[in-house]
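Below you can see the structure in the form of structure tokens.
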């Protein structure tokens, strides 16, 4: 991924609007502009001010399903290629998933998921507690039943990706409009900017990648999609941590190195949130629970520098909505906590759909739903202990 002059290509002469200035939106805008399309990106606030700017920055391709593994691998390839451009940097770091003794279902699920990951050529190995302790002495392992180590993994500062790719998109010819709240329409695709009403700008294609606001934007245009925003939480500790990234499935807590020390979280609140009116501060129970797990798992007594909540979006089956919802109107949303880490690949995929270069990602077609489905929100990082094949839950 690099800068490029706006020129002839498969999108030459096509006018495309992208709504949403998060990681997926800026990637799609960049790819479309490089392909020759005339792109205008509309962002309600600042670039990366939504979910992408509050993401954890944990990156891996350790998925048990073939389509997820392929997308994860492509995303990491693009992250690595971009590293060193602007302020963006990708730091390689292994990712450990573990289950504690007594959590037999979780342990079996991790073993099964790791096996499926290897079937899909992911660099993942299963290790016992002794080997885990030898490799990663910063982790407490005496209560570990089983662990899986993913080697094709790393971390980054999510905001740096979004701003870097937005700059590349602008260099490739895209118009980036911030502080531009819009309404969208279909037949033909169009966008009305709030401070320009009642003027409506028409486009040849429209991509809605507005995160938690996607459902409302499309509903106002007469398109129903089954999406529910929900809160997740994270903190940054100022104490040094030089271990791997890890996810304690028994506790439901993840952690990774951070320039200030350590970043940790999950803190899923499985209740639908208002995308405009929601608590952006971390809850007291979250701080207590995660701090306890950090002490227990990594001997890390956190010095909390900051803590926050972000919004993720859920779907009925845990897979995203990525594709066409009306003629030349496309949606890219519903990542359930895995949106940023797959953004370079999913942004690329939706751009290629708009250009007519591919039909879509199998299993992610939004047409699989009617839009009015009732469903419960589940934790995004959870391992699925009910899967027949022991695969990781794709939330």
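In my numbering, the protein residues as written are 5 to 399. Note that beta-carbon positions come from the ideal geometry of N, C-alpha and C, so glycine has one too.
- Beta-bridge annotation (DSSP): residue 227 is not paired with any residue.
- In the DSSP assignment, residue 180 forms a beta bridge with 45.
- The beta strand (DSSP E) runs of length 3 or more contained entirely in the segment 252–315 are, from start to end of the chain, 257–262 and 265–273.
- Under the three-state reduction of DSSP output, residue 373 falls in the coil class, being neither helix nor strand.
- In this structure, 158 is the residue among 329, 319 and 158 with its C-alpha nearest to the C-alpha of residue 95.
- Between residue 318 and residue 338 the beta-carbon gap is near 7 Å, inside 8 Å, which marks them as a contact.
- Residue state for residue 379 is assigned as coil, using DSSP reduced to three classes.
- DSSP places residue 361 in no alpha helix (DSSP H); its state is neither H nor E.
- The C-beta separation of residue 375 from residue 230 comes to about 6 Å, placing the pair in contact by the 8 Å criterion.
- Judged by their CB atoms, residue 163 and residue 54 are not nearer to each other than the 7 Å cut-off.
- Straight-line spacing of the CA atoms in residue 113 and residue 122 works out to 14 Å.
- In this structure, DSSP gives residue 129 an extended state, which the three-state scheme calls strand.
- The Cβ atoms of residue 150 and residue 117 do not sit closer than 7 Å to each other.
- For residue 189, the three-state secondary structure derived from DSSP is strand.
- The criterion of a C-beta distance shorter than 7 Å is not satisfied by residue 56 and residue 21.
- Less than 7 Å divides the Cβ of residue 173 from the Cβ of residue 37.
- A straight-line Cα-Cα distance of about 8 Å links residue 383 and residue 273.
- With at least 16 other beta carbons inside 10 angstroms of its own, residue 368 counts as buried.
- In terms of Cβ geometry, residue 99 and residue 161 do not form a close pair [threshold 7 Å].
- Shown here, residue 143 sits in coil according to DSSP, grouped into three states, outside any helix or strand.
- Using a 10 angstroms sphere on the CB of residue 252, the tally of other CB atoms reaches 16 or more, which defines it as buried.
- Here residue 109 is exposed. Its C-beta has fewer than 16 other C-beta atoms within 10 Å.
- If you check the CB distance, residue 168 and residue 92 come in under 7 Å.
- For residue 149, the uninterrupted beta strand (DSSP E) run begins and ends at 148–154, by DSSP.
- One Cα belongs to residue 276, the other to residue 290, and the distance between them is close to 18 Å.
- DSSP links residue 326 through a beta bridge to 336.
- Inter-segment contact for the segment 197–213 and the segment 299–318 is absent: fewer than three beta-carbon pairs are separated by less than 8 Å.
- Judged by their CB atoms, residue 71 and residue 370 are not nearer to each other than the 7 Å cut-off.
- Contact between residue 178 and residue 45 holds: CB atoms are separated by about 6 Å, below the 8 Å threshold.
- Following the DSSP letters along the chain, one finds residue 32 inside the alpha helix (DSSP H) bounded by residues 27–38.
- Bounds of the beta strand (DSSP E) holding residue 241 are 232–241.
- Residue pairing for residue 101: DSSP places it in a beta bridge opposite 152 and 251.
- A Cβ-Cβ separation of about 6 Å places residue 286 in contact with residue 313 under the 8 Å criterion.
- Counting C-beta atoms within 10 angstroms of its own C-beta, residue 301 has 16 or more neighbours from the protein chains shown and is therefore classed as buried.
- Between residue 361 and residue 39, the alpha-carbon positions lie close to 11 Å from each other.
- For residue 84, the enclosing alpha helix (DSSP H) covers residues 70–86.
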